[in-house]
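Novice:
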Amino acid sequence: MGIPVALYTSGVLVVHERVVASRNGGARQRSRGQECSTIDDKVRCEQWSLRRTASVANSGYGRGSRSYQMGSYWCLWDEDGGRCMVVDAVEAPRVVDLSFAALSAGEKISCVIVIEDGEGLVCGTSQGRLLKIALANDSVLQETRLSEHPVDYIWHDDHAGGYVVLTSRDSTVYQFAQWGSAMSLSQYKIQLPGEVVGASLSADGQYLCVADRRKIHFYRWEMRATPFRSMVVCQDQVDDDGITRIAWDRAGRMVLVCTTGRVMCYDTRDHWISVVARQPHKLVEWSPVGNLFLVGQHRYGTLLSVYEHNDRGHWSSLGYTDIATKFGISRVEQMAVMKNQVHLLHSDCYESFAME
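Residue numbers (the numbering used here): 1256 to 1611.
(1) Rank Val-1452, Gln-1430, Pro-1448 by C-alpha distance to the C-alpha of Gln-1461 and give the top, closest one.
(2) Please state the DSSP three-state secondary structure of Ile-1584.
(3) Asp-1296 by DSSP, collapsed to three states: which one?
(4) Helix, strand or coil for Gln-1442? Go by DSSP, reduced to three states.
(5) Whole-angstrom Cβ separation of Pro-1482 and Asp-1467, contact assumed at under 8 Å?
(6) Residue range of the beta strand (DSSP E) that Thr-1576 falls in?
(7) Report the three-state DSSP secondary structure of Ala-1437 (helix, strand or coil).
(8) Give the single residue among Pro-1543, Pro-1535, Val-1488 whose Cα lies nearest to the Cα of Arg-1508.
(9) On a Cα-Cα basis, can you pick out the residue from His-1553, His-1526, Met-1519, Gln-1552 that is closest to Trp-1541?
(10) Apart from the five residues just before and just after Ser-1381, which ones in its own chain have a Cβ nearer than 7 Å to its Cβ?
(11) Under the DSSP definition of a beta bridge, which residues are partnered with Ala-1532?
(12) Suppose contacts are defined by Cβ-Cβ distances below 9 Å. Is Ile-1388 in contact with Leu-1401 by that definition?
(13) Out of Arg-1475, Val-1451, Arg-1469, which one is the CA nearest neighbour of Asp-1459?
(14) Is it true that the CB of Leu-1573 sits closer than 9 Å to the CB of Glu-1563?
(15) Who are the Cβ neighbours of Ala-1454 in its own chain at under 8 Å, not counting the five residues just before and after it?
(16) Going by DSSP, what residues sit across from Lys-1470 in a beta bridge?
(17) Using the rule of at least 16 other Cβ atoms within 10 Å of the residue's Cβ for burial, across every protein chain shown, is Gly-1551 buried or exposed?
(18) Within a Cβ cutoff of 8 Å, which residues of the same chain sit near Cys-1604, ignoring the five residues on either side of it in sequence?
(19) Could you check what DSSP says for Pro-1542 in three-state terms: helix, strand or coil?
(20) Do Thr-1523 and Val-1510 have their CB atoms nearer than 9 Å?
(21) By the 10 Å Cβ neighbour count, where 16 or more other Cβ atoms means buried, how is Arg-1283 classified, buried or exposed?
(22) Within 9 Å (strictly less), CB to CB, does Gln-1324 reach chain E?
(23) Indicate, with yes or no, if the ligand NAP has a heavy atom lying under 8 Å from the CB of Pro-1405.
(24) Mark Asp-1412 as exposed unless 16 or more other C-beta atoms lie within 10 angstroms of its C-beta, in which case mark it buried.
(25) What's the C-alpha gap between Val-1451 and Glu-1334?
(26) If you compare alpha carbons, which of Ala-1347, Ser-1571, His-1598 is closest to Ile-1239?
(27) Can you tell me the Cα-Cα spacing of Gln-1446 and His-1414, whole angstroms?
(28) If we count the other Cβ atoms within 10 Å of its Cβ and call it buried at 16 or more, is His-1553 buried or exposed?
(29) Considering only their Cβ atoms, is the gap separating Val-1561 from Leu-1547 smaller than 9 Å?
(30) Report the residue ranges of all alpha helix (DSSP H) runs contained in full by the segment 1311-1399; include only those spanning at least 4 residues, in chain order.
(31) Using 9 Å as the threshold, is the C-beta distance between Tyr-1443 and Ile-1368 below it?
(32) Taking the alpha-carbon positions, what's the Met-1590 to Thr-1580 distance?
(33) Cutting at 7 Å between CB atoms, please list the residues of its own chain near Pro-1535, excluding the five before and the five after it.
(34) Given that a residue counts as buried once 16 or more other Cβ atoms are within 10 Å of its Cβ, and exposed if not, what is Val-1345?
(35) Just checking my contact of Leu-1390 with Cys-1378 at CB under 8 Å: how many whole Å lie between their CB atoms?
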């Protein structure tokens, strides 16, 4: 369903509502989108199917593993920094055992991205350091200390050809125009909410979205990373619902907003929030073409569902499949969608599946 939202722009409250004429031609009323929280009776999983294309045992990964997807690469790592897997959308996945000898006692890897050529990593640590590491020999190519606090997020900035780093505890954003012999670094203090639960950088590198439990906040680089819009998503009095994760789509138009009880999307062009699902889902990821893939645990199975956004501004189901029944997958820990492939980390195994 569609939910009108209030936007705060330059201190002025602007309410945007989608309205349609009533059937009797009288007063206008709010328009509500199609409800996508339940599976349509007409939707059949036969619309598409999954075929297993790769399987790699990886006993070094478990529930503490984390992942980050960037373009055609997906990176998985454990927090202790002992192991890393780089999945290429074209080539076979590479499992790399990393010693991370540069880590000091008690220091852990907090976030990782793959260098654009797929031959190295940029890692943030729990002690505020940034490391550039070669996958071929586990050597540290470059390092810099940014803060005394953990590096929480790293994004590759395709627009500037560098990196954007966020340390939320000291409310600082670092922008590297390039990281090499002539490194250029810009540093901004921003007005962050008290508790950051999620952050995401748009694909063009121009807009940073940060969330606390109730609101999402937008920052624009042209304005020296100052806030220009905030929006309430979860009301305090509504079933203790709170934001848990946000993510821009690949086109830079939609922001995925996951809460403890719902899956929603904010359309930054039309200033509209639509509900994709009214049940919490363990994993939700964007596909390259802007569809949403959802993994949900159910009493009798584990469903992988796909939704698309149509030109009427609604989300509709493209079908689902029970991956527990078909492939014996009962607990998915991480997921990525690249090209026509779905990549899953579950239990003690990494597997990829082609959508057909």
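Glycine residues also receive a C-beta, built at the ideal position from the N, C-alpha and C atoms.
Specialist: In this structure, then:
(1) As a working note, residue 1461 is residue 206 in the sequence shown. It is Gln-1430.
(2) Locating residue 1584 in the sequence shown gives position 329, counting from the first residue. Correct three-state label for Ile-1584: coil.
(3) On the sequence shown, residue 1296 is found 41 positions in, with the first residue counted as 1. Residue placement at Asp-1296 is flagged as unreliable, the pLDDT there being 38, under the threshold of 50; the coordinate-derived value follows with that caveat. It is coil, neither helix nor strand.
(4) Here residue 1442 refers to the residue found at position 187 of the sequence shown. DSSP, read as helix, strand or coil, puts Gln-1442 in strand.
(5) On the sequence shown, residue 1482 is found 227 positions in, with the first residue counted as 1. On the sequence shown, residue 1467 is found 212 positions in, with the first residue counted as 1. Approximately 12 Å separates the beta-carbon atoms of Pro-1482 and Asp-1467; this is outside 8 Å, ruling out the contact.
(6) Position 321 of the sequence shown, counted from the first residue, corresponds to residue 1576. Boundaries of the beta strand (DSSP E) harbouring Thr-1576: 1570-1577, taken from the DSSP string.
(7) By one-based count along the sequence shown, residue 1437 stands at place 182. Residue placement at Ala-1437 cannot be trusted, given a pLDDT of 49 that sits under 50; what the coordinates show is reported in the next sentence. The DSSP-derived three-state label of Ala-1437 is coil.
(8) Locating residue 1508 in the sequence shown gives position 253, where the first residue counts as 1. Per the Cα distances, Pro-1543.
(9) What you label residue 1541 is simply residue 286 of the sequence shown in a count that begins at 1. Among His-1553, His-1526, Met-1519, Gln-1552, the Cα nearest to that of Trp-1541 belongs to Met-1519.
(10) In the sequence shown, the residue the question calls residue 1381 occupies position 126. So the qualifying residues of the chain are Glu-1362, Lys-1363, Ser-1365, Pro-1405.
(11) What you label residue 1532 is simply residue 277 of the sequence shown in a count that begins at 1. Answer is Val-1518.
(12) In the sequence shown, counting from the first residue as 1, residue 1388 sits at position 133. In the sequence shown, counting from the first residue as 1, residue 1401 sits at position 146. Contact: no.
(13) As a first step, residue 1459 is located in the sequence shown; it is residue number 204 there, counting from the start. The residue with the shortest Cα to Cα distance from Asp-1459 is Arg-1475.
(14) Within the sequence shown, numbered from 1, the residue matching residue 1563 stands at position 308. Within the sequence shown, numbered from 1, the residue matching residue 1573 stands at position 318. Yes, the Cβ-Cβ distance between Glu-1563 and Leu-1573 is below 9 Å.
(15) Taking the first residue of the sequence shown as position 1, residue 1454 is located at position 199. Closer than 8 Å at the Cβ level, and outside the excluded window around Ala-1454, lie Asp-1407, Tyr-1408, Leu-1421, Ser-1423, Leu-1463, Cys-1464, Val-1465, Ala-1466, Ile-1501.
(16) Here residue 1470 refers to the residue found at position 215 when the sequence shown is read from its first residue. Its beta-bridge partners are Val-1487.
(17) Walking along the sequence shown from the start, residue 1551 turns up at place 296. Classification of Gly-1551: buried, given that the 10 Å Cβ count is 16 or more.
(18) Residue 1604 sits at position 349 when you count from the first residue of the sequence shown. Taken in chain order, the residues that qualify are Ser-1310, Val-1311, Ala-1312, Asn-1313.
(19) Counting from 1 along the sequence shown, the entry for residue 1542 is found at position 287. The sequence given here has Ser at residue 1542, not Pro. DSSP, reduced to helix, strand and coil, places Ser-1542 outside both helices and strands of the structure shown, so it counts as coil.
(20) Position 268 of the sequence shown, counted from the start, is the residue given in the question as residue 1523. Position 255 of the sequence shown, counted from the start, is the residue given in the question as residue 1510. It is a contact, given that the beta carbons lie within the stated cut-off.
(21) Mapped onto the sequence shown, residue 1283 falls at position 28. Reliability fails at Arg-1283, whose pLDDT of 35 lies under 50, so the model's placement of it is uncertain and the value that follows must be treated cautiously. With fewer than 16 other Cβ atoms within 10 Å, it is exposed.
(22) Given the protein chain composition of this structure (a single chain), no chain E is represented.
(23) Absence of the ligand NAP is noted for the structure shown, with no ligands found whatsoever.
(24) In the sequence shown, residue 1412 corresponds to position 157, counting from 1. That one is buried.
(25) In the sequence shown, residue 1451 corresponds to position 196, counting from 1. In the sequence shown, residue 1334 corresponds to position 79, counting from 1. Here the alpha carbon of Val-1451 sits roughly 20 Å from the alpha carbon of Glu-1334.
(26) The question about residue 1239 has no answer here: the residues shown for the chain are numbered 1256 through 1611.
(27) Mapped onto the sequence shown, residue 1446 falls at position 191. Mapped onto the sequence shown, residue 1414 falls at position 159. Looking at the two C-alpha atoms, the distance is approximately 24 Å.
(28) Walking along the sequence shown from the start, residue 1553 turns up at place 298. His-1553 comes out exposed.
(29) The residue labelled residue 1547 in the question sits at position 292 within the sequence shown. The residue labelled residue 1561 in the question sits at position 306 within the sequence shown. Contact flag set, yes.
(30) Qualifying alpha helix (DSSP H) stretches: none in this window.
(31) Position 188 of the sequence shown, counted from the first residue, corresponds to residue 1443. Position 113 of the sequence shown, counted from the first residue, corresponds to residue 1368. For the 9 Å CB-CB criterion, Tyr-1443 and Ile-1368 do not form a contact.
(32) As a working mapping, residue 1590 is identified with position 335 in the sequence shown. As a working mapping, residue 1580 is identified with position 325 in the sequence shown. Each residue's Cα considered, the two are about 18 Å apart.
(33) Against the sequence shown, residue 1535 aligns to sequence position 280. The residues are Thr-1515, Gly-1516.
(34) If you number the sequence shown from 1, residue 1345 lands on position 90. Classification for Val-1345: exposed.
(35) The count along the sequence shown starts at 1 and reaches residue 1390 at position 135. The count along the sequence shown starts at 1 and reaches residue 1378 at position 123. Leu-1390 to Cys-1378, Cβ: 12 Å. No contact.
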